[in-house]
Amino acid sequence: MSSDGPLPLRVMVVDGDPALLSVLEDSDELNVVNEPGEPTAPGEALEAAERLRPDLVILGPEFAAHAASLSRRARVFVVCSEPNAATAALREGASAHLTPDRFTPRELLEIFRDAGRADLDLSAREAEVMDLIAGGRSNGEIARELFLSEKTVKNHVNRIYAKLRVGSRAAAITLWRARPQPR
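Using the numbering used here, read the sequence shown as starting at 25 and increasing by one per residue.
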């Protein structure tokens, strides 16, 4: 992966299927941020999500009931074959349900890539600033191009970071580049 491309999506796997883990680990677009087999309890999963700041969390069926609390920190995917558990997890905030063994590695990567393209909910001006950030412009350059003060640009950047739940330009650019483009 070149340094110009988007950063890989950070994925935390909770109670993951070994086949799923191998797909994730083989991808340059995804980075598994936790150790295999960890966390092992719901409280540990919440603590790990806060510490590791993943973009996506993949939950096994035993953790499906905890989608609500984890979905406040990242997009949550539940991998289970039990329809009632999947429905409950979706009601609690999971982004999607994946049925084990019903997707190819390529389909799985596309699903996760699409999750990274979430509706970013930026204002028109914030989107304009974000386009310029993604184009490699500094705050000073953005200020001159948009006829704004540099302090105003910094305020926009801070609001963008808050809305995207990121702490760096690189993370914001990754989400911005991965979003769905209007057709």
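Just so it is clear, CB atoms sit at the ideal spot from N, CA and C, and this is done for glycine as well.
Check: Contact the region 85-93 vs the region 113-123: 3+ CB pairs below 8 Å; Outcome: yes
Check: Beta-carbon spacing of Arg97, Glu74 below 9 Å; Outcome: yes
Check: As assigned by DSSP and simplified to three states, the class of Val177; Outcome: helix
Check: Phe127 - DSSP class collapsed to helix/strand/coil; Outcome: coil
Check: Proximity winner among Leu45, Arg34, Pro32, relative to Thr128 (alpha-carbon distances); Outcome: Leu45
Check: Reference Ala109; option with closest CA among Arg126, Leu83, Thr64, Asp125; Outcome: Leu83
Check: DSSP state of Ala120 mapped onto helix, strand, coil; Outcome: strand
Check: Under 9 Å between C-beta atoms of Arg103 and Pro63; Outcome: Note on residue identity: the sequence assigns Val, not Arg, to residue 103. No, these two residues do not count as a Cβ contact at 9 Å.
Check: Beta bridge counterpart(s) of Leu83 as assigned by DSSP; Outcome: Val38, Val102
Check: Candidates Leu146, Ala120, Lys175, of which the one nearest Ile135 by Cα; Outcome: Ala120
Check: Same chain, Cβ closer than 7 Å to Glu106, five either side skipped, listed in chain order; Outcome: Pro85
Check: For Leu146, the three-state DSSP class (helix, strand or coil); Outcome: coil
Check: Spatial distance of Ala158 from Asp79 (CA atoms); Outcome: 19 Å
Check: Proximity winner among Leu54, Val81, Leu94, relative to Ala67 (alpha-carbon distances); Outcome: The identity of residue 67 in the sequence shown is Gly, whereas the question assumes Ala. The option with the nearest alpha carbon to Gly67 is Leu94.
Check: Three-state class that DSSP yields for Leu172 in the structure shown; Outcome: coil
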